[in-house]
Amino acid sequence: MSPLGLPERRRIVGTSLKCYFSLAQTAEYTRAIASLSPTASALNIDLFFIPDFISISPCATALAHSSVQLGAQDCFWEDRGAYTGEVSPANLAEAGVKIVEVGHAERRQIFRETDKDVALKAAAIVKNGMVPLVCIGEKTHASGPVSAAVGAAITECKPQIKAVMDAVPDDAEVILAYEPVWAIGATQPANADHVVAVVQGLRGLVEGRRGLTRILYGGSAGPGTFIQLKSAVDGLFLGRFAHDINNLERVIQEMGEP
Ligand SMILES: O=C(CO)COP(=O)(O)O
């Protein structure tokens, strides 16, 4: 808790492997990420790791003696029932998952997930004692003056955030990952001025919540990104550029700097 009685916002960094790695590659990567956990802990940084569903149980075992928080890339909103092919949030919690990602741009785009779906999932995640990592972001980068693009991005993110915040208790911990859709899978992250201004605007939307609300940036992030964004964001959500574990180590070191 901060001196004002608000939950402390520790910096946080993590990566999702999406669907990129084989099981064997994931197992090797898990060992590497576990070896970074003492550094992250010493620097007071939360480190999370989100493998594919099939790897969750072996990863839970491999990470049991580390401080790495295990994540899942999605889940269903019901715990039990006739929902063929879905993944129960209760089972994720039972497997040792602490953070569940919802609403990633790829799920919204390819699998047609709506804000309502994302909100139902976030509520189920909280109910099962885990933290929702909610991905939000605008689809296109509006042309014209910087302030217009910032305003358009905040306007597009607002209902994405509201749907979730209306569905979870006010004191629930939530992580928001601001990931402009146009910056995912790109060669470089979104322009720092844009991200800083948007995240400042998003913070205004969650001001006054009792639950810890951290905001990360994601979208082609890597070494050098946090330094440019640190006045606004609580950390980074990495994709491809964390596949080289040395990059993740560099990011952790950069985040440990004051
Ligand atoms: O979508 C992302 C993280 O969720 C970011 O992926 P990339 O860093 O590969 O663009």
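Mapped onto my numbering, the consecutive letters of the sequence shown carry residue numbers 20 to 277. We put the beta carbon where it would ideally sit given N, CA and C, even for glycine.
query: Regarding E198 and ligand 1, is the C-beta to nearest heavy atom distance less than 7 Å?
result: As a working note, residue 198 is residue 179 in the sequence shown. For ligand 1, at least one heavy atom lies less than 7 Å from the Cβ of E198.
query: Which word fits A172, buried or exposed, when buried means at least 16 other C-beta atoms lie within 10 angstroms of its C-beta?
result: In the sequence shown, residue 172 corresponds to position 153, counting from 1. Buried: at least 16 other Cβ atoms inside 10 Å.
- request: Alpha carbon to alpha carbon, how far is F72 from T80? Give it in angstroms, no decimals.
  value: For the purposes of this step, residue 80 is taken as residue 61 along the sequence shown, with counting starting at 1. For the purposes of this step, residue 72 is taken as residue 53 along the sequence shown, with counting starting at 1. About 14 Å.
message: Just verifying my parser: in three-state terms, what is the DSSP assignment at D65?
response: For the purposes of this step, residue 65 is taken as residue 46 along the sequence shown, with counting starting at 1. Looking at D65 - three-state DSSP - the assignment turns out to be strand.
message: So, at 7 Å on beta carbons, what are the nonlocal neighbours of D212 in its own chain, with the 5 sequence-adjacent residues on each side left out?
response: Your numbering for residue 212 matches position 193 in the sequence shown. Hits under 7 Å: V165.
- prompt: Which runs of the alpha helix (DSSP H) fall wholly inside the stretch 203 to 237 and span at least 4 residues, in chain order?
  reply: The stretch 203 to 237 contains, as complete alpha helix (DSSP H) runs of 4+ residues, the segments 211 to 225 (chain order).
task: Measuring alpha carbon to alpha carbon, tell me which of L55, A205 and P178 ends up nearest Q88.
output: Residue 88 sits at position 69 when you count from the first residue of the sequence shown. Of the listed residues, the one whose Cα sits closest to Q88 is L55.
- request: Would you mind stating whether I31 and R233 have Cβ atoms separated by less than 8 Å?
  value: Counting from 1 along the sequence shown, the entry for residue 31 is found at position 12. Counting from 1 along the sequence shown, the entry for residue 233 is found at position 214. Yes, Cβ-Cβ distance for I31 and R233 is below 8 Å.
- prompt: Which residues in the same chain as P70 place their Cβ atom closer than 6 Å to its Cβ, once the five residues preceding and following it in sequence are excluded?
  reply: Translated into positions along the sequence shown, residue 70 becomes position 51. The residues are L36, T45 and C78.
Member of R228, D253 and D263 whose CA lies at the smallest distance from the CA of P188: On the sequence shown, residue 188 is found 169 positions in, with the first residue counted as 1. In terms of Cα proximity to P188, the closest of R228, D253 and D263 is R228.
- prompt: Which residues bound the alpha helix (DSSP H) around C94?
  reply: By 1-based counting over the sequence shown, the position of residue 94 is 75. Per DSSP, C94 belongs to no alpha helix (DSSP H) and is neither H nor E.
- prompt: Run through DSSP, which three-state label would F72 get?
  reply: Reading the sequence shown from its first residue, position 53 is the one you call residue 72. Correct three-state label for F72: helix.
query: V145 lies in the beta strand (DSSP E); which residues open and close that run?
result: For this step, residue 145 is matched to residue 126 along the sequence shown. First-last for V145: D134 to K146, but that is the alpha helix (DSSP H), not the beta strand (DSSP E).
- prompt: Cβ atoms of V137 and V121: under 8 Å apart, would you say?
  reply: Translated into the one-based positions of the sequence shown, residue 121 becomes position 102. Translated into the one-based positions of the sequence shown, residue 137 becomes position 118. Inclusion of V121 and V137 in the CB contact set at 8 Å is warranted, their separation being smaller than that value.
message: Distance check for H262 and V193, CA to CA, integer angstroms please.
response: Within the sequence shown, residue 193 is the residue found at index 174, counting from 1. Within the sequence shown, residue 262 is the residue found at index 243, counting from 1. One C-alpha to the other measures close to 26 Å.
message: ligand 1 and R259: does any heavy atom of the ligand fall closer than 7 Å to the residue's C-beta?
response: For the purposes of this step, residue 259 is identified with residue 240 of the sequence shown, where counting begins at 1. Under cutoff, so the answer is yes.
- prompt: Between the stretch 103 to 111 and the stretch 135 to 155, do three or more beta carbon pairs fall short of 8 Å?
  reply: As far as the Cβ criterion goes, the stretch 103 to 111 touches the stretch 135 to 155, which means the pair count is three or higher.
- request: Compute the Euclidean distance between the alpha carbons of T206 and A101, then round it to the nearest angstrom.
  value: As a first step, residue 206 is located in the sequence shown; it is residue number 187 there, counting from the start. As a first step, residue 101 is located in the sequence shown; it is residue number 82 there, counting from the start. Roughly 42 Å between the two C-alpha positions.
field: Rounded C-alpha distance that separates A182 from T174
entry: Looking up residue 182 in the sequence shown gives position 163. Looking up residue 174 in the sequence shown gives position 155. When only Cα atoms are considered, A182 and T174 end up about 13 Å apart.
message: Measuring only from the beta carbon, is F256 closer than 7 Å to any heavy atom that is part of ligand 1?
response: As a first step, residue 256 must be located in the sequence shown, where it is residue number 237. Under cutoff, so the answer is yes.
task: Specify, as a first and last residue, the run of the alpha helix (DSSP H) that L111 falls within.
output: Taking the first residue of the sequence shown as 1, we reach residue 111 at position 92. If you look at L111, you'll find it in the alpha helix (DSSP H) that goes P108 to E113.
message: Assuming G243 is part of the alpha helix (DSSP H), what are its boundary residues?
response: To locate residue 243, count along the sequence shown from 1; it is residue 224. Counting along the chain, G243 sits inside no alpha helix (DSSP H), nor does DSSP assign it H or E at all.
message: Does T34 come out as helix, strand or coil in the three-state DSSP assignment?
response: Within the sequence shown, the letter at position 15 stands for residue 34. It is a strand residue.
field: Reference V214, options E47, Q179, L248 and S76, closest by Cα
entry: In the sequence shown, residue 214 corresponds to position 195, counting from 1. Comparing Cα-Cα distances from V214 to each of E47, Q179, L248 and S76, the minimum goes to L248.
- request: Please name the residue or residues paired with C78 in a DSSP beta bridge.
  value: By 1-based counting over the sequence shown, the position of residue 78 is 59. DSSP lists no beta-bridge partner residue for C78.
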